[in-house]
DNA sequence: CAGTGGTCTAGACCACCCA
DNA sequence: GGGTGGTCTAGACCACTGT
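Protein chains in written order, with my numbering: chain A, 63 to 294; chain B, 63 to 294.
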């Protein structure tokens, strides 16, 4: 049964995509066109496309069509290099949008930082792009007592840089969790994909040199957009 | 369109699964049964099941049926605690099978360790279980010059422990890569799942205190089986 | 052998994007 | 308004698993 038609289709499409220009500007032909070209139904063809999507070779955008995926971003969650810096260092173009700024309690952040539940946080919600593709939706939860006046700042650059330069907070201890997930409807909407799209979650609890809690953040990446690197 | 029937189905199934005993011994009723119970077709029902699978809530085994997934294993790839140790530490039962042992060159390992392509490695291929579920297929590539006589050993326990205790090799520097992937046909077969199943790949290049290359390994996990943890 | 999931067909209608 | 992908139906046959 390893000869299922959709698997052979997957192979043929994979080859097709290796030669560029087979798909104009990285966009694949319409499903109905491909289905006819390969003499099958849309259903079977979509199985093959989903396979390539799981491999991270192509992805879909809204209802607009299928596109070949760019190379993955290499990302080290243990370092405090800013997003903008390492994206540019890899020859890509970063962009950040701030979606929301507010002050409120947040149970998961409190638990991760071992603080009482009613603790107030500055919550910053951002969407980040690589080469104009939205790849990351993230929420930062900063312990409000630690950084008075934070909300007067701009958040389209590195928050960690801000904490270090303006409040002289040294982000010494980090507890990081990473796991594959299906993007929830909120994250999915913000990234312009279907809810349930495969994603990669990263959660960080961050403490200063005296082990006092500073910040908690949740990142939701498109699964094909990154490769996590840690060097020890 | 957030009211797609299969998404509401997903919610209802999620609730159903929260109460145990809804599914006997963690096994879900047959697709045809569920489809009739929810008054839809198998196709739509399977969409809902696939959604829950992506979330890591349920998984399928061969052609045997759908099962609720156990909690994820928490795993720190930067530490050299053995698999058996940390699985047991989390109250689970580990098991290891050695699938293959051989000596041969391997280009990816050579590149990752910055060695010439013809370098010979001892290759150990293992399958590892948590509570009798095969969750990990891995290949270890040890630089053969560094560990004469390695192939006389048993490989169902920690290899790193062996290197430390018998060859006094200190695994000082590690370069780790993690990424979501679709399991290839070989890994999938060994884990008893369909090729293309969502997985999580981990690759490590390991050097000793003098930065001499020691070992390269490739791990392929079921995506819902683990949560990666790194503490710094 | 019966029952399961895996694959595949040939349609249909809808929501949404873009020109 | 025409074309896209997203959803859904109602079947069919096959490969495999368990007994």
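Quick reminder that beta carbons are idealized off the backbone N, C-alpha and C, glycines included. Remember, predicted model here, so these are calculated numbers, not experimental data.
- Residues 204, 268 of the same chain have their beta carbon placed closer than 6 angstroms to that of residue 277 of chain B, with the five preceding and five following residues left out of the count.
- When the five nearest sequence neighbours on each side are left out, the beta carbons in the same chain lying within less than 6 angstroms of the beta carbon of residue 225 of chain A are those of 231, in order along the chain.
- Only 134, 140 from the region 128-152 of chain B bring a Cβ to less than 7 angstroms from some Cβ of chain A.
- Under the three-state reduction of DSSP, residue 73 of chain A is assigned to helix.
- With a threshold of 8 angstroms between beta carbons, residue 274 of chain A makes no contact with chain B.
- Taken in chain order, the members of the region 112-128 of chain B whose beta-carbon sits within less than 8 angstroms of a beta-carbon on chain A are 113, 116, 117, 118.
- Secondary structure of residue 131 of chain A (DSSP, three-state): coil.
- Only residues of its own chain outside the window of five on either side were considered, and among them 134, 135, 136, 137 have a CB closer than 8 angstroms to the CB of residue 289 of chain A, listed in chain order.
- Chain B has no Cβ within less than 8 angstroms of the Cβ of residue 254 of chain A.
- Residue 175 of chain A carries a coil assignment under DSSP once its states are collapsed to helix, strand and coil.
- For residue 110 of chain B, the uninterrupted alpha helix (DSSP H) run begins and ends at 104-117, by DSSP.
- Annotation: the continuous alpha helix (DSSP H) that includes residue 147 of chain A extends over 145-151.
- When only Cα atoms are considered, residue 99 of chain B and residue 79 of chain B end up about 15 angstroms apart.
- In the structure shown, residue 141 of chain B falls within a coil segment according to DSSP collapsed to helix, strand and coil.
- Within chain B, not a single residue places a beta-carbon under 9 angstroms from that of residue 231 of chain A; the smallest gap is close to 16 angstroms.
- Annotation note: the region 228-281 of chain A contains the following uninterrupted alpha helix (DSSP H) runs of length 4 or greater, listed N- to C-terminal: 247-253.
- Counting only Cβ-Cβ distances below 7 angstroms, residue 258 of chain A has contacts in chain B at 113, 116, in chain order.
- Proximity of residue 187 of chain A to chain B, defined by a Cβ-Cβ separation below 8 angstroms, is not satisfied.
- Fewer than three pairs of CB atoms, one per stretch, sit closer than 8 angstroms, so the region 146-155 of chain A makes no contact with the region 112-120 of chain A.
- Beta bridge pairing from DSSP links residue 283 of chain B with B/198, B/262.
- Within the same chain, 163, 202, 217 come within 6 angstroms of residue 186 of chain B by CB-CB distance, once the 5 residues on both sides are set aside.
- Residue environment: residue 165 of chain B is assigned as exposed (fewer than 16 neighbouring CB atoms within 10 Å of its CB, all protein chains considered).
- Bounds of the beta strand (DSSP E) holding residue 189 of chain A are 182-192.
- Non-local beta-carbon contacts of residue 258 of chain B in its own chain, meaning distances under 6 angstroms to residues more than five positions away in sequence, involve 244 in chain order.
- Boundaries of the alpha helix (DSSP H) around residue 96 of chain A: 93-99.
- With at least 16 other beta carbons inside 10 angstroms of its own, residue 107 of chain B counts as buried.
- Neighbourhood of residue 293 of chain A in chain B, by CB distance below 8 angstroms: 235, 236, 237, 238, in chain order.
- Here residue 197 of chain B is near residue 287 of chain B, since their CB atoms are less than 8 angstroms apart.
- Taking 7 angstroms as the Cβ-Cβ cut-off, the region 196-226 of chain B has no residue approaching chain A.
- Straight through space, the alpha carbons of residue 132 of chain A and residue 188 of chain A are spaced by roughly 22 angstroms.
- Between the beta-carbon of residue 291 of chain B and that of residue 238 of chain A there is about 7 angstroms, and that keeps the pair under the 8 angstroms contact cut.
- The Cβ atoms of residue 233 of chain A and residue 270 of chain A sit closer than 8 angstroms to each other.
- By the C-beta density criterion, residue 252 of chain B is buried, having at least 16 other C-beta atoms within 10 angstroms.
- Nearest in C-alpha terms to residue 172 of chain A, of all of A/250, A/275, A/126, is A/275.
- From the listed residues B/220, B/145, B/190, B/264, the smallest Cα separation to residue 254 of chain B is found for B/190.
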